[in-house]
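Quick note: to get the working numbering, add 3 to the position in the sequence shown (first position is 1).
We treat Cβ as the ideally placed atom computed from N, Cα and C, and that holds for glycine.
It should be emphasised that the depicted structure is a prediction, and the values quoted were computed from it without experimental measurement.
To start, the structure itself, in structure tokens.
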Amino acid sequence: MRKINRDLKDKALKELEKEAQNLYQEMAKLQLELKVNPGKDSNQIAKKRQRLAVALTLIQEKKNLDEVKRLSK
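What follows is the structure, given as structure tokens:
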């Protein structure tokens with residue numbers, strides 16, 4: 004979990020939003036693939052969902068931080 008946080012925390016807001024969009028697309032593809040052809044790692048969707056949750060949380064934190072900085076000026 005810390006590895007995910009460290010990896011995503013260093014990214015800029017635009018990069019995080021792009022990452023979140025990519026994760027949504029990957030999850031949709033995985034859901035279709037697992038229904039048609041079940042693979043060995045059935046936990047892939049859960050891992051992607053967890054990474055997406057971390058990315059969305061960091062996006063919200065960065066937006067809130069920017070707003071606080073803007074209001075404090």
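When you compare each of E70, N67, L61 to K21 by their alpha carbons, which one comes out closest?
The residue labelled residue 21 in the question sits at position 18 within the sequence shown. Taking only the C-alpha atoms, the option nearest K21 is L61.
Please state whether the Cβ-Cβ distance between R54 and L26 is less than 8 Å.
Position 51 of the sequence shown, counting from 1, holds the residue named residue 54. Position 23 of the sequence shown, counting from 1, holds the residue named residue 26. Yes, Cβ-Cβ distance for R54 and L26 is below 8 Å.
So within the region 10-44, which uninterrupted beta strand (DSSP E) runs reach at least 3 residues, ignoring any that extend past its ends?
Listed in chain order, there is nothing to give.
Using alpha carbons as the reference points, say which of A58, E70, K51 lies closest to K14.
Within the sequence shown, residue 14 is the residue found at index 11, counting from 1. Residue A58 is the option with its Cα nearest to K14.
Determine the closest residue to E29 out of L16, L68, K50, with distance taken between C-alpha atoms.
Translated into the one-based positions of the sequence shown, residue 29 becomes position 26. Of the listed residues, the one whose Cα sits closest to E29 is K50.
Output needed for L37: all residues of its chain with C-beta closer than 8 Å, excluding positions within five of it in sequence on either side, in chain order.
Position 34 of the sequence shown, counting from 1, holds the residue named residue 37. S45, Q47, I48.
For K76, which three-state DSSP category applies?
If you number the sequence shown from 1, residue 76 lands on position 73. In the structure shown, K76 sits in coil (DSSP, three-state: anything other than H, G, I, E or B).
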